[in-house]
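Per our numbering, residue 806 is the first one in the sequence shown, and the count goes up by one each step. To start, the structure under review is shown below, and the notes come after it.
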Amino acid sequence: MILTLLAFIVVLGVIIFVHELGHFLAAKAVGIRVETFSLGFPPKAVSRKVGETEYVIGWVPLGGYVKMAGMVDESMDEKPLTGAPWEFMSKSYPQKIFVISAGVLMNFLLGILIFFLLTWFIGIAQVGGPVVGAVVPGLPAADAGIQEGDTITVINGQEIATWQELTDIVHPAAGESLMVRWVHEGETREALLVPQERTFPQGDSTVTLGLIGINPRANFEKVGLFEAFRNGLRITWFIITQSLRVVQMLITGQAGMNDVAGPIGIAQISGQTIRSGVVDFISLIANVSVSIGLLNILPLPVLDGGHLVFITIEAIIRRPIPTKVKLNIQKVGLVLLLALFLVVSFNDILRFF
């Protein structure tokens, strides 16, 4: 439990720090005064003022914020604008876009950097035989006692020679009983497994697969610097497109909120991956960083995407939106975000228990 909590704090801490650092550096670059740089939400655990900026660590590690002079944000600050050159609202439209987008860009860059470095140092995975590389806790394989390093030999009487043959049988068999035979340290074992149904985006539609909760052991092929960087871009782009597809599925009703992991789900996954090894854990940080970056750019009040909508409307109408209107919209957005947080957290708890 403690390891899971620590892993969760590290994952979110790194991602939040990188995101807020993006806003902070961009604001400084265009001459905006940064009043607060906070990791975590109030109450304050630690705070220190250096120059014009107060640096804060909050007790609630579920987010963070950069409070800029002259900006109506999630802090709901109603300070009047003075028109000073260091205020956010005094900057040009391109500068505002740059500052608001910088957090998301940093999340994407973190993902690209991590995937690039992992590919460069470790290589690209090449999957061969039906040897188990990792087992997902709570799914049929783990419940049956299959362990890392075991070799799947027979499923429903059919001999298995490659991982592809294994997935060809398991994926279409959601909800069906499969007699699985495997070898563990020279000993042959057998159990009846029922693959769990999972829905995934695929192009413009979805695909439903049966999963028993095992991943293949992979051999890694070393690649050069350019190919490693290209692979980092490729993986990051794949995560972005898949995440967008999930959002589309939620909007159209093809997926429900029970298909979305909340903070408790991320914490559980963090605990599982830290036990699987450093590489899996670092990969998780990259994956979640890209996903959270994309979430932040959605055009919803309180999120970065909502701020982009505000400043774009202001650029079109050539005057600021009244502060009271912004605050009211932000409050509604905050309530909706909290409601979403409670729903996904409740679903996480149901899955956990």
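Even for Gly, the Cβ is constructed at its ideal location relative to N, Cα and C. All values reported here derive from a predicted model rather than from experimental measurement.
| Check | Outcome |
| --- | --- |
| Stretch pair the stretch 984–993 + the stretch 953–972: three plus CB contacts closer than 8 Å | yes |
| Boundaries (first-last residue) of the beta strand (DSSP E) holding Glu992 | Glu992 to Leu998 |
| Whole-number beta carbon distance between Thr967 and Gly934, since they are thought to touch under 8 Å | 6 Å |
| Neighbourhood of Leu971 by C-beta distance below 6 Å, restricted to the same chain and skipping five residues each side | Pro935, Ile957 and Ile965 |
| Cross-strand partners of Arg1003 (DSSP beta bridge) | Leu1014 |
| Alpha helix (DSSP H) segments (min. 4 residues) lying fully within the stretch 1048–1125 | 1068–1081, 1083–1101 and 1109–1122 |
| In chain order, each alpha helix (DSSP H) run of at least 4 residues that lies wholly inside the stretch 834–873 | none |
| Thr958 - DSSP class collapsed to helix/strand/coil | strand |
| DSSP three-state assignment for Gln793, whether helix, strand or coil | One cannot answer for residue 793 here, as it falls past the ends of the chain, which runs 806 to 1158. |
| Exposed unless 16 or more other CB atoms sit within 10 angstroms - verdict on Thr1147 | Contrary to the premise, residue 1147 reads as Leu rather than Thr in this sequence. Per the 10 Å Cβ criterion, exposed. |
| Nonlocal neighbours in the same chain, by C-beta distance under 7 Å from Phe846, ignoring five residues either side | Gly863, Val865, Leu867 and Gly868 |
| For Val936, the three-state DSSP class (helix, strand or coil) | strand |
| Residue from Gly888, Asn961, Ile905 and Gly827 whose Cα sits closest to the Cα of Leu1113 | Ile905 |
| Assigned secondary structure, His824 (DSSP; H/G/I helix, E/B strand, else coil) | helix |
| Sheet register partners of His989 (DSSP bridge) | Glu992 |
| Unbroken beta strand (DSSP E) run spanning Glu1026, endpoints | Ile1019 to Glu1026 |
| Within 9 Å, strictly: CB atoms of Val816 and Val1093 | yes |
| Classification of Ile1121 by the beta-carbon crowding that lies within 10 angstroms, buried from 16 upward | exposed |
| Per DSSP, the bridge partner or partners of Met876 | DSSP, once it has assigned bridges, lists no residue as partnering Met876. |
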